[in-house]
Ligand code: B12
Ligand code: SF4
Ligand code: SF4
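Residue numbers (my numbering): 11 to 409.
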């Protein structure tokens, strides 16, 4: 191993210099592993695909699983993988509660992490050869490439797998984004941490949709993060009442995690909240058009849901919040050009019921031409009627 000396004449390894460089560029944790395959993770992920738990993510195939767990297939001559983590934990802003508001996963409160992390990783790679004292080849991954980010982070000692499948770091909890640099530079690997969740299982029963089907195993199809961000099309009806007010992503299994209680905050101002992104006022979102959506969510991860998906999520959240003040806006959404929005607005009106919802649903029943939406309106009307009947039936008292 090559050893260089700093000005105090203490030996400093290339590995230490590379880590110092990463920290100076803004990463919060850094670790190194070799480029051997992630054998356990490949087997687990392939099994997950075969058993249908990754259904809905059409790009998540067995072929992708093979590539993302074999760093040597990603860069010719790959010898090391540098795992980088950056905290996105920013402080919770206060909000007035006079209007129905939704919840947005913390990672989406600020600027899109892909662009920010990518520019930092590029800088890291540019400056690495000088630190290493040798030319090198490198390829980087920030979430969207064929690389198993969590498997690399675990083996590089950046953190450990929580039972909710998130990587937990000792300093910043699981509120970290992960990225990797695969390089042909030979570096001394770090050891995986010895830490585990121990006896704790808090996140498992906390998941409202029971998506954590076993420790370290998520059923993607039930995860609110998948339902609100990745799913195109209707949200399965049995899951809607369980989704609460989440309109983009979900943080419940991280919020309940005791390790996150002590998590240090992000140094990155760009991850800080933008106006009304963390707990958006829901009703104005229902009347956004494509231009308005683009302007409002410029540079935000929320754009990934697309306007149609976001409005669908807003309808579900409003149905779950159950505030009658949302009924007029939902009634207008029954006139949307988008059948997906009409269907979910109908569902929400069925949950809210009352003097605005019922006539709006009856009128929609007459004009609707889309078969699936018609079915949604019919069952929403039934739900509204049951609600009305229950409200009229006097409750038994013990007196
Ligand atoms: C697909 C995906 C999703 C899917 C599927 C989630 C999932 N659990 O895989 C959906 C859309 C639901 C999702 C949601 C979220 N995601 Co996501 N997602 C990914 C992506 C693109 C691939 C992950 C993957 O391969 N999953 C496949 C399954 C098989 O892997 P796994 O669940 O991690 O399971 C592993 C363990 O079971 C392990 N294992 C097997 N046996 C055993 C046994 C033991 C004892 C142990 C310890 C481990 C272990 O092997 C498996 C494979 O590595 C990565 C980016 C990337 N390229 O890696 C981001 C990524 C995992 N997501 C991320 C984030 C932030 C989220 C959300 C928090 C966003 C949100 N707030 O809404 C949620 C968290 C939900 C959750 N509890 O996992 C971060 C996680 C950062 C971290 N600290 O871990 C990543 C790494 C993106 C990034 N670069 O920062 N995500
Ligand atoms: S992100 Fe939400 S829905 Fe997904 S596993 Fe965690 S608690 Fe469950
Ligand atoms: S809540 Fe408990 S079991 Fe779940 S990830 Fe955190 S420490 Fe692990």
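Using N, Cα and C, we set each Cβ at its ideal position, and we do this for glycine too.
Residue i versus residue j: straight-line alpha-carbon distance, rounded
i	j	result
residue 241	residue 348	16 Å
residue 184	residue 27	25 Å
residue 15	residue 162	The pLDDT assigned to residue 15 is 43, lower than 50, so where the model puts this residue is not dependable, and the model offers no usable value.
residue 93	residue 250	37 Å
residue 143	residue 25	12 Å
residue 402	residue 365	14 Å
residue 12	residue 23	Low confidence applies to residue 12: its pLDDT is 45, below 50, so where it sits in the model is not reliable, and the reading given next is rough at best. Near 7 Å, if we compare the C-alpha coordinates of residue 23 and residue 12.
residue 369	residue 265	40 Å
residue 394	residue 154	43 Å
residue 203	residue 51	17 Å
residue 360	residue 297	20 Å
residue 218	residue 253	7 Å
residue 194	residue 229	36 Å
residue 381	residue 341	19 Å
residue 301	residue 316	12 Å
residue 400	residue 67	40 Å
residue 343	residue 389	17 Å
residue 30	residue 311	29 Å
residue 61	residue 284	40 Å
residue 36	residue 158	22 Å
residue 409	residue 379	Bear in mind that a pLDDT of 37 at residue 409, under 50, signals an unreliable position, so the model cannot answer this.
residue 164	residue 53	16 Å
residue 210	residue 392	43 Å
residue 354	residue 326	6 Å
residue 107	residue 294	15 Å
residue 141	residue 32	11 Å
residue 64	residue 226	14 Å
residue 200	residue 91	11 Å
residue 82	residue 180	29 Å
residue 397	residue 76	51 Å
residue 101	residue 356	36 Å
residue 371	residue 387	6 Å
residue 47	residue 206	22 Å
residue 43	residue 69	27 Å
residue 233	residue 321	19 Å
residue 17	residue 146	Because residue 17 sits at a pLDDT of 47, beneath the cut-off of 50, its placement in the model cannot be relied upon, and the point is left open.
residue 351	residue 132	40 Å
residue 190	residue 127	10 Å
residue 407	residue 213	Legend: pLDDT at residue 407 = 46, less than 50; position of this residue unreliable, no value from coordinates given.
residue 309	residue 125	9 Å
Counterpart residues of residue i in DSSP-defined beta bridges
i	result
residue 151	190
residue 39	95
residue 411	The structure shown does not extend to residue 411, since the chain is modelled only from 11 through 409, so no value can be given for it.
residue 224	227
residue 90	44, 193
residue 183	179
residue 170	178
residue 256	113
Residue of the options minimising C-alpha distance to residue i
i	options	result
residue 215	182, 340, 235, 263	263
residue 313	269, 344, 118	118
residue 87	292, 232, 341, 149	149
residue 85	300, 237, 151, 382	151
residue 243	190, 319, 299, 278	319
residue 38	339, 168, 227, 367	168
residue 34	239, 321, 96	96
residue 282	147, 213, 123	123
residue 178	160, 64, 65	160
residue 414	279, 299, 351, 372	Here the chain comprises residues numbered 11 to 409, so residue 414 is not present and cannot be evaluated.
residue 41	325, 206, 198	198
residue 358	351, 373, 329, 386	329
residue 78	110, 225, 192	192
residue 289	261, 374, 276, 273	261
residue 286	105, 47, 69, 375	105
residue 58	80, 99, 224, 375	224
residue 238	55, 323, 74	323
Minimum Cβ-Cβ distance from residue i to chain B less than 8 Å
i	result
residue 265	The structure shown contains no chain B; it is built from a single protein chain.
Please output, in chain order, the residues near ligand 2 using a CB cut-off of less than 6 Å to any non-hydrogen atom of the ligand.
Every residue passing the under-6 Å Cβ criterion appears here: 174, 217, 219, 221, 222, 228, 233, 234, 235, 260, 262, 263.
Indicate whether the contact test is met: 3 or more Cβ pairs, each with one atom in the region 334-350 and one in the region 301-311, closer than 8 Å.
The answer is no - the region 301-311 does not touch the region 334-350, with fewer than three Cβ pairs under 8 Å.
Counting pairs of beta carbons, one from the region 246-258 and one from the region 111-122, are three or more of them closer than 8 Å?
Taking 8 Å as the limit for Cβ pairs, the verdict is that the region 111-122 does touch the region 246-258.
Okay, do the region 168-188 and the region 266-276 touch, 3+ Cβ pairs below 8 Å being the bar?
With a cut-off of 8 Å on Cβ pairs, the region 168-188 is in contact with the region 266-276, counting three or more such pairs.
Using 8 Å as the Cβ pair cut-off and three pairs as the minimum, do the region 127-136 and the region 165-174 touch?
Inter-segment contact for the region 127-136 and the region 165-174 is absent: fewer than three beta-carbon pairs are separated by less than 8 Å.
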